[in-house]
Amino acid sequence: MQVGFYFDQTRCAGCNACRVACKDWHDQPSGSASWMRINYQEEGPFPNVFASYLISNCYHCEEPVCSFVCPNEAISKRDENGIVVVDKDKCREEVPCGIISKEKMGNGYSYGESQAPCQTACPVHLHIPAYTALIAKGKFKESLDLIRRRMPLPSVCGRVCLHPCEEVCSRKEVDQAIAIEALKGFVADNVSEVTPKRINQTQSEKVAIIGSGPAGLAAAYDLIRLGYGVTIFEALSSPGGMLAVGIPDHRLPRDILNRDIDYIKALGVEIKTNSLVDLNQGLNDLLKQGYGAALIAIGAHKGKSLNIPGVDLDGVLVGTSFMRDVNLGKDVNLGDKVMIIGGGNVAMDCARTARRLGAKEVGVSCLECYDDMPADVLEIEHAREEGIEIHDSHTFTKLVSDSGKVSGIGCLDITGCTFDDDGKAHFDIVNDEEHTLEADTVIFAIGQIPDINDSGKITISKSGTITADPETLMTKNEGVFVAGDCYSGVASIIDAIASGQISASKIHRYLQGDVLRVRSIPEIPATEIKVDIPSGTEKKERQPMPLMSASERVSNFKEVALGFSREAAIAEAERCLNCAGHICKDVCPYSAPQFIEAEKTRMQKCNYCVDRFDEGKLPICVESCYARALDSGPLEELKLKYGNIQTAPGVALSETKPAIIFKPKSK
39 MQVGFYFDQT RCAGCNACRV ACKDWHDQPS GSASWMRINY QEEGPFPNVF
89 ASYLISNCYH CEEPVCSFVC PNEAISKRDE NGIVVVDKDK CREEVPCGII
139 SKEKMGNGYS YGESQAPCQT ACPVHLHIPA YTALIAKGKF KESLDLIRRR
189 MPLPSVCGRV CLHPCEEVCS RKEVDQAIAI EALKGFVADN VSEVTPKRIN
239 QTQSEKVAII GSGPAGLAAA YDLIRLGYGV TIFEALSSPG GMLAVGIPDH
289 RLPRDILNRD IDYIKALGVE IKTNSLVDLN QGLNDLLKQG YGAALIAIGA
339 HKGKSLNIPG VDLDGVLVGT SFMRDVNLGK DVNLGDKVMI IGGGNVAMDC
389 ARTARRLGAK EVGVSCLECY DDMPADVLEI EHAREEGIEI HDSHTFTKLV
439 SDSGKVSGIG CLDITGCTFD DDGKAHFDIV NDEEHTLEAD TVIFAIGQIP
489 DINDSGKITI SKSGTITADP ETLMTKNEGV FVAGDCYSGV ASIIDAIASG
539 QISASKIHRY LQGDVLRVRS IPEIPATEIK VDIPSGTEKK ERQPMPLMSA
589 SERVSNFKEV ALGFSREAAI AEAERCLNCA GHICKDVCPY SAPQFIEAEK
639 TRMQKCNYCV DRFDEGKLPI CVESCYARAL DSGPLEELKL KYGNIQTAPG
689 VALSETKPAI IFKPKSK
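According to the working numbering, the sequence shown is numbered sequentially starting from 39.
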């Protein structure tokens, strides 16, 4: 048997009688967290306000994810009645659950609301310790479900994320950082996903998104789950933006990218390819066609080159155009000696792609010294393994020609480089002796800007990005917002995803008539979170990522990283120190677990008044509800009595099968 709740949202008056009774019955301290909570929701512009209330308590799920991750096995589900109970004597007792130092953090620190350094450093604040704990328990599907709450592209970010989370991982104080990126990729690859249910449009408005890169896809993912109709307009023949045309297959295979995009489309997001939208009249036309708001998320596809003699020579290419042509299957003619100018990941992508296209000699030349190159360290290492030479600490004077075709790059050795306020570079030149790097193909990979013109209400900054109000993210064109690299300048994929999510929240507030200028809650920087590593913590080496051999991979575009095995993934996840603790709360779709400082910071949650239940009594919240908005009993009897109207509201896409049904309030 499974006992459950029934909640009639149409009868709830928000009086909080259930909450007060719950605190009194369980003798909870005044002002602390409570097990039964009533959340007030308001939508629409005044005076046409739609107000509703939602209960937030433990939903006694069919398969409680919280019980899977508790390191002390303090959470269990009763066989006889399905009630999820907590043994407070076990909670945080034998195995440490959270190692952030309250003494070092000061009075502002709250255990239940704290974040691990990795979660704080992640631009989208993924529940990294929680999904890692699920992997350690072999609960791969539950881990992916948790990742998908805030991550629209788990397969992508399991491969090509800059993983700032790993930079601040507390495990580095013991040995090496957890392979967080690789673990995400593992569950994305090893869970047999069922096509998600299409989300019906419940809001009256539709949103148009221009661009299907990471920012546009992230915004669409959030907006469709908020109930809006979402259409993405993509200028290219395939969706994905720079993910599709800027990254080579050996790092991000197209089928892997399409897997994430297909998931988003299955939710109800429509993507129209070969659909170039003019950012002035075209946007205005969309708004006239019934779209309540529009988001510009076109990325930064226009590559830069240097203002030096010879850039117009035959054999000189720009990295973004080169990668786009390769990824779209166009013929690209390269010479035998290819030189890339630039030191970032795009430069490495161009170099490794040229090597796979048959170039006999490939080199990368950059301003930075080797240790300061902006490219990912592993990308540089993999490039060198593939025979690509690094020519660091150079400035470039000209491109040398031979019969109208490029034949080399004129260089000067430097010891350093600084940029003034106007962006002009100043070099510390070793001497004036110029030397030449031979090349019959030169590819510039020194940055990119949005490919747009300054006209109409969409205005462009000095750096070439679209201008918008920094607080509202709205352009001068009413109802038109901006996100991603076209606004911020070139950033990482995970930053673009975060930008899309923030813009989606602004659009939601705009369409609901809410205030757009919202004061953000100050966050403690990840580097300032203090942890106490338990004494005697055993060293466990980081699991190595299996790779295709260098000799094999240079002849094809197959993915280089082969992924973790099941055993390696579990072993790697078990290395996590669980810095913040409270992973039971993080995995719960309803945030039911609460932590009360006065109770030695032990977990508290609704136990369905299990003591009263054993005596044949109703939970105290049900007895105290004068509006008769709550009822309880065997779940099947509740369904017969009230109808299986709707499962409980919670995180979209959650498949926890909560033991609660509710009657929603209609607008």
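Virtual Cβ for every residue (Gly too), placed ideally from N, Cα, C.
Proximity of residue i and residue j at Cβ, strictly below 8 Å
i, j, result
"cysteine 449", "aspartate 430", "no"
"asparagine 616", "cysteine 156", "no"
"alanine 392", "alanine 413", "no"
"threonine 503", "glycine 485", "no"
"glutamine 642", "tryptophan 63", "no"
"alanine 304", "proline 192", "no"
"tyrosine 44", "leucine 676", "yes"
"isoleucine 76", "tyrosine 91", "yes"
"aspartate 46", "lysine 577", "no"
"alanine 246", "leucine 324", "yes"
"lysine 340", "threonine 311", "no"
"cysteine 518", "leucine 321", "Per the sequence presented here, residue 518 reads as valine, with cysteine not at that position. Cβ distance < 8 Å, so valine 518 and leucine 321 count as in contact."
"isoleucine 621", "isoleucine 173", "no"
"alanine 483", "isoleucine 378", "yes"
"glycine 42", "alanine 697", "yes"
"lysine 544", "leucine 585", "no"
Distance between beta carbons of residue j and residue i, contact taken as under 8 Å
i, j, result
"serine 250", "proline 286", "Wrong, their Cβ atoms sit about 19 Å apart, outside the cutoff."
"arginine 188", "valine 162", "5 Å"
"asparagine 110", "phenylalanine 651", "In fact, because the Cβ distance is near 24 Å, the residues do not count as touching under 8 Å."
"valine 315", "phenylalanine 271", "5 Å"
"glutamate 417", "asparagine 365", "Incorrect: roughly 17 Å between the Cβ atoms, too far for contact."
"leucine 264", "glutamine 239", "That pair is no contact at about 10 Å."
"valine 480", "glycine 353", "7 Å"
"valine 376", "alanine 397", "4 Å"
"isoleucine 531", "valine 194", "7 Å"
"valine 598", "histidine 420", "7 Å"
"alanine 618", "proline 167", "6 Å"
"glycine 401", "isoleucine 426", "7 Å"
Neighbour-count burial assignment, residue i, 16 or more Cβ in a 10 Å radius
i, result
"glycine 144", "exposed"
"threonine 453", "exposed"
"tyrosine 266", "buried"
"glycine 520", "A small correction: the amino acid at residue 520 is valine; glycine does not occupy that position in the sequence shown. Looking at its Cβ environment, which holds 16 or more other Cβ atoms inside 10 Å, valine 520 is buried."
"glycine 150", "buried"
"glycine 688", "For glycine 688, the pLDDT reaches just 49, beneath the cut-off of 50, and the residue's location in the model is therefore unreliable, although a value from the coordinates is still provided. It counts as buried."
"histidine 165", "buried"
"alanine 564", "buried"
"isoleucine 646", "Here the sequence assigns tyrosine to residue 646, which means isoleucine is not the residue at that position. Classification of tyrosine 646: buried, given that the 10 Å Cβ count is 16 or more."
"proline 19", "Shown here, the chain extends from 39 to 705; a query on residue 19 therefore has no answer."
"valine 232", "exposed"
"arginine 186", "buried"
"leucine 372", "buried"
"phenylalanine 633", "buried"
"arginine 591", "buried"
"threonine 170", "buried"
"arginine 555", "exposed"
"arginine 666", "exposed"
"lysine 61", "buried"
"tyrosine 329", "buried"
"threonine 513", "buried"
"histidine 464", "exposed"
"valine 124", "buried"
beta-carbon residue i near the ligand FAD non-hydrogen atom, thresh 7 Å
i, result
"alanine 159", "In terms of ligand content, the structure shown is empty, and the ligand FAD therefore cannot be addressed."
CB contact below 8 Å: residue i versus chain D
i, result
"aspartate 183", "Among the chains in the structure shown there is no chain D, since it carries only a single protein chain."
contact_flag[the stretch 537-552, the stretch 251-271] where n(CB pairs < 8 Å) is 3 or more: Touching, yes, given that three or more Cβ pairs across the two stretches are closer than 8 Å.
With a cut-off of 8 Å, do at least 3 Cβ pairs link the stretch 103-121 to the stretch 612-631? Short answer: they touch.
Are at least three pairs of beta-carbons, each pair with one atom in the stretch 289-301 and one in the stretch 565-585, less than 8 Å apart? No: the two stretches stay apart, fewer than three of their Cβ pairs being nearer than 8 Å.
Where are the beta strand (DSSP E) runs, 3 residues long or more, that stay fully inside the stretch 384-411, in chain order? Counting whole runs of 3 or more residues, the stretch 384-411 contains the beta strand (DSSP E) stretches 399-403.
Sequence ranges, beta strand (DSSP E) only - wholly within the stretch 600-642, length at least 3: With a minimum length of 3 residues, the continuous beta strand (DSSP E) runs that stay inside the stretch 600-642 are 632-634, 640-642.
Contact the stretch 514-534 vs the stretch 334-349: 3+ CB pairs below 8 Å: Between the stretch 514-534 and the stretch 334-349, the count of Cβ pairs shorter than 8 Å is three or higher; the stretches touch.
Could you tell me which whole alpha helix (DSSP H) segments of length 4 or greater appear in the stretch 114-198? Correct list: 140-143, 155-159, 166-174, 178-186, 192-195.
Measuring CB atoms only, is the stretch 398-412 touching the stretch 431-444, in the sense that at least three cross pairs come out at less than 8 Å? Yes, they touch.
Can you give, in chain order, each stretch of the beta strand (DSSP E) that sits fully within the stretch 210-272 and has at least 3 residues? The qualifying runs are 244-248, 267-271.
In chain order, what are the residue ranges of uninterrupted alpha helix (DSSP H) at least 4 long that sit wholly in the stretch 497-567? Segments of the alpha helix (DSSP H) lying fully in the stretch 497-567: 523-526, 531-549.
Stretch-stretch touch, CB-based, cutoff 8 Å, three pairs: the stretch 216-229 with the stretch 584-602: Below 8 Å, enough C-beta pairs join the stretch 216-229 and the stretch 584-602 to call them touching: three or more.
Ordered list of beta strand (DSSP E) runs contained in the stretch 418-450, each at least 3 residues: Secondary structure remark: continuous beta strand (DSSP E) runs of at least 3 residues inside the stretch 418-450, in chain order: 427-429, 432-440.
Is the stretch 470-479 in contact with the stretch 435-451, if contact means three or more CB pairs nearer than 8 Å? Contact between the stretch 470-479 and the stretch 435-451 is present, because at least three Cβ pairs lie under 8 Å.
Quick check for students: name the residue ranges of the beta strand (DSSP E) that lie wholly in the stretch 649-680, counting only runs of 3 or more. At a cut-off of 3 residues, the continuous stretches assigned as beta strand (DSSP E) that sit fully inside the stretch 649-680 are 668-672.
Which whole runs of the alpha helix (DSSP H) in the stretch 341-374 are 4 residues long or more, in chain order? If we require 4 residues or more, the alpha helix (DSSP H) runs fully inside the stretch 341-374 come out as 357-365.
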